[in-house]
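Following: one structure in structure tokens, then a few remarks.
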Amino acid sequence: MLEARNIHKFYGGTGKDIHVLRGLDITVEEGAFVAIVGPSGAGKSTLLQILGGLDMPSKGEVRFEGSDMYSLGDAALSRIRNKRIGFVFQFYHLLPEFSALENVLMPARVAPGDARGRKDARIKAEALLDGVGLKERARHFPSQLSGGERQRLAIARALINEPTLLLCDEPTGNLDSETGNEIMALIRRVNAETKMKVVLVTHNRELAGAAQRVYQLKDGVLN
Ligand code: ADP
């Protein structure tokens with residue numbers, strides 16, 4: 000379970016602080032698919048970063064599968080981010096100089112010399128590419144892929160370490176509506192097949208309808 004309690008986030012220090020999140024609470028049960036909608040600037044990315052262990056809240060607690068995330072040390076928190084949380088972003092964040100297969104493998108980098116581990120990871124990466132419909136694109140570079148294909152690749156990469164939480168920040172924001180619908184269907188399928196928790200933020204209320212539960216982020220809290 001993922002649980003955030005009384006989350007506050009201030010930005011500033013210039014005397015004109017922005018109070019983005021104002022005592023926000025959220026609970027994401029095992030296997031749940033939650034969407035959070037809100038206009039640009041509402042604090043959606045800020046919230047996702049806090050839930051993903053990337054940005055400490057100014058106040059409040061995030062409990063991830065039993066641990067109080069931000070009271071763990073840096074090493075333990077990085078391990079959680081790498082092994083248990085997958086991230087998908089609007090602009091894919093792929094590495095342009097690496098092939099599709101290498102991009103998927105990147106988070107699974109294993110110790111040099113561990114041939115068995117490398118082979119297993121490769122087999123898994125190929126299966127993931129197949130699962131997102133990119134089997135024939137394994138050797139292509141991101142620049143040779145369409146927007147929808149890049150996002151499918153980013154989703155495969157997010158899954159390589161078998162995370163228990165998938166965080167998606169405007170995953171369809173750069174795509175036309177048909178491709179956006181395909182990406183949402185893929186995320187829903189991943190959620191159904193793997194039972195991993197999914198939290199997705201978007202300004203697109205219609206697309207958010209693919210989730211089981213939709214919250215609105217307004218005035219720094221969820222409704
Ligand atoms: P959304 O994802 O809903 O568009 P964000 O979480 O990106 O919203 O931003 C919420 C508000 O916080 C905005 O007013 C934004 O300008 C501000 N903000 C976000 N990140 C920072 C930062 N690192 N420093 C200062 N202000 C920030």
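Numbering of the sequence shown is given in numbering that gives the first Met the number 0, commencing with residue 0 and proceeding in unit increments. Yeah, the Cβ is synthetic: ideal placement off N, Cα and C, and Gly gets one too.
Quick one: measure Cβ to Cβ for residue 89 and residue 203, integer angstroms, because I've assumed they're closer than 8 Å. Sequence index remark: in the sequence shown, residue 89 carries index 90 (1-based). Sequence index remark: in the sequence shown, residue 203 carries index 204 (1-based). That belief does not hold up - the Cβ atoms of residue 89 and residue 203 are roughly 11 Å apart, past 8 Å.
So, are the CB atoms of residue 63 and residue 166 less than 7 Å apart? Against the sequence shown, residue 63 aligns to sequence position 64. Against the sequence shown, residue 166 aligns to sequence position 167. Their beta carbons are not under 7 Å apart, which means residue 63 does not touch residue 166 by this criterion.
Spatial neighbours of residue 55 within its chain, please: CB distance less than 7 Å, with the 5 preceding and 5 following residues excluded, ordered by chain position. The sequence position of residue 55 within the sequence shown is 56, counting from 1. Answer for residue 55: 69, listed in chain order.
Is it buried or exposed, residue 150, if we count other Cβ atoms within 10 angstroms and call 16 or more buried? The residue you call residue 150 lines up with position 151 of the sequence shown. Residue 150 comes out buried.
I'd like the span of the beta strand (DSSP E) that includes residue 22, first residue to last. Within the sequence shown, the letter at position 23 stands for residue 22. Residue 22 -> beta strand (DSSP E) spans 17–27.
Using DSSP with H/G/I as helix, E/B as strand and the rest coil, what is residue 201? On the sequence shown, position 202 is the one that residue 201 refers to. Strand, per DSSP.
Quick one: complete alpha helix (DSSP H) runs, 4+ long, within the stretch 108–150? Taking only runs of at least 4 residues, the alpha helix (DSSP H) segments lying wholly in the stretch 108–150 are 114–130.
Continuous beta strand (DSSP E) stretch holding residue 83: start and end: Counting from one through the sequence shown, the residue named residue 83 turns up at place 84. That residue, residue 83, is in no beta strand (DSSP E); it is neither H nor E in DSSP.
In its own chain, which residues sit with a C-beta less than 6 Å from the C-beta of residue 82, not counting the 5 before and 5 after it? Your numbering for residue 82 matches position 83 in the sequence shown. Listed in chain order, the non-local C-beta contacts of residue 82 below 6 Å within the same chain comprise 160, local neighbours out to five positions each way being set aside.
Looking at the strands, I want to know which residues DSSP matches up with residue 60. Residue numbering aside, residue 60 sits at position 61 when the sequence shown is read from its first letter. According to DSSP, residue pairing for residue 60 in a beta bridge involves 4.
Residue 175 (DSSP reduced to helix, strand or coil): The count along the sequence shown starts at 1 and reaches residue 175 at position 176. Here residue 175 sits in coil by DSSP.
Whose CB is closer than 5 Å to a heavy atom of the ligand ADP? List the residues in chain order. Taken from the N-terminal end onward, the list reads 10, 19, 39, 40, 41, 42, 43, 44, 45.
Which class does residue 159 belong to by DSSP, given the choice of helix, strand or coil? Position 160 of the sequence shown holds residue 159. Coil.
Alpha-carbon to alpha-carbon, residue 113 and residue 168: If you number the sequence shown from 1, residue 168 lands on position 169. If you number the sequence shown from 1, residue 113 lands on position 114. Approximately 34 Å, taken between the alpha carbons.
Relative to the C-alpha of residue 154, which candidate in 115, 212, 99 has its C-alpha closest? Against the sequence shown, residue 154 aligns to sequence position 155. Put simply, of 115, 212, 99 the residue whose alpha carbon is nearest the alpha carbon of residue 154 is 99.
Does the beta-carbon distance from residue 120 to residue 104 come in below 7 Å? To locate residue 120, count along the sequence shown from 1; it is residue 121. To locate residue 104, count along the sequence shown from 1; it is residue 105. A Cβ-Cβ contact shorter than 7 Å links residue 120 with residue 104.
According to DSSP, what are the bridge partners of residue 168? In the sequence shown, counting from the first residue as 1, residue 168 sits at position 169. For residue 168, which the question treats as bridged, DSSP gives the partners 88, 200.
Closer than 8 Å is the cut-off here; do at least three beta carbon pairs connect the stretch 19–32 with the stretch 192–211? Result yes; three or more Cβ-Cβ pairs closer than 8 Å.
Buried or exposed: residue 141, going by 16 or more other Cβ atoms within 10 Å of its Cβ? Position 142 of the sequence shown, counted from the start, is the residue given in the question as residue 141. So residue 141 counts as buried.
Backbone secondary structure at residue 34 - three-state DSSP: Here residue 34 corresponds to residue number 35 of the sequence shown, with the count starting at 1. Looking at residue 34 - three-state DSSP - the assignment turns out to be strand.
Starting from the C-beta of residue 185, find all residues in its chain whose C-beta is less than 7 Å away, skip the five residues before and the five after it, and write them out in chain order. Within the sequence shown, the letter at position 186 stands for residue 185. The residues 131, 151, 154, in chain order, have a CB closer than 7 Å to that of residue 185 in the same chain once the five nearest residues on each side in sequence are set aside.
Inspect the beta-carbon positions of residue 57 and residue 9 and report whether they are closer than 7 Å. One-based indexing of the sequence shown puts residue 57 at position 58. One-based indexing of the sequence shown puts residue 9 at position 10. Here residue 57 is near residue 9, since their CB atoms are less than 7 Å apart.
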